[in-house]
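Remember, my numbering sits 547 above the position in the sequence shown when you count from 1. Note that the Cβ used here is the ideal one computed from N, Cα and C, for glycine as well. This report concerns only the one structure given below.
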Amino acid sequence: MTAIRRAVLTGAVLLSLAACGSSSDDGPGGTGGNGTVSGEVQAPDGKTVPGCTVTPEQVEGDSGVPEMNVVTTENGTYTWPLPPGTYNFTVVCDTERDPSVPSAYDGLKGSASDVEVTSGETRTLNIRLT
Numbered sequence: 548m549t550a551i552r553r554a555v556l557t558g559a560v561l562l563s564l565a566a567c568g569s570s571s572d573d574g575p576g577g578t579g580g581n582g583t584v585s586g587e588v589q590a591p592d593g594k595t596v597p598g599c600t601v602t603p604e605q606v607e608g609d610s611g612v613p614e615m616n617v618v619t620t621e622n623g624t625y626t627w628p629l630p631p632g633t634y635n636f637t638v639v640c641d642t643e644r645d646p647s648v649p650s651a652y653d654g655l656k657g658s659a660s661d662v663e664v665t666s667g668e669t670r671t672l673n674i675r676l677t
């Protein structure tokens, strides 16, 4: 009888542990309930620009931003998991900050306002520089 009781107790403990492990809010990408914002930074001529700094400011929500900013890739793209909320984005291209910015685009800036980030969703946000 003790062996049966021990087996039942062990099974109950294992089921409890399994249930605890499955309650995580991490999505398939492990973003912990975040949404994702990704897109291109585009020059006035439509070409994508590498090395530009993309900075969000959360204007609604209180989750905080995990990083200060990201830099566009060599293809002029960026991807950023962010907590749900509303954000304003600014983009600055500065050759002193990042020499990969083509000199023709040095000093260009762009922005996007009131961008809604939703948990588990990817939002495409292409920002045109001026």
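Asked: Contact belief for N622 with P646 at Cβ below 8 Å, rounded distance in angstroms; Found: Rounded, the Cβ-Cβ distance is 17 Å, inconsistent with contact.
Asked: Among G608, C640 and E668, the one whose alpha carbon lies nearest that of P591; Found: C640
Asked: Residue of I674, A659 and G593 minimising C-alpha distance to V606; Found: A659
Asked: Contact under 8 Å by Cβ, V664 with T619; Found: no
Asked: Proximity of G657 and R675 at Cβ, strictly below 8 Å; Found: yes
Asked: Environment of T600 [buried if 16+ CB atoms lie within 10 Å]; Found: buried
Asked: V662 vs Y634 beta-carbon contact at 8 Å; Found: yes
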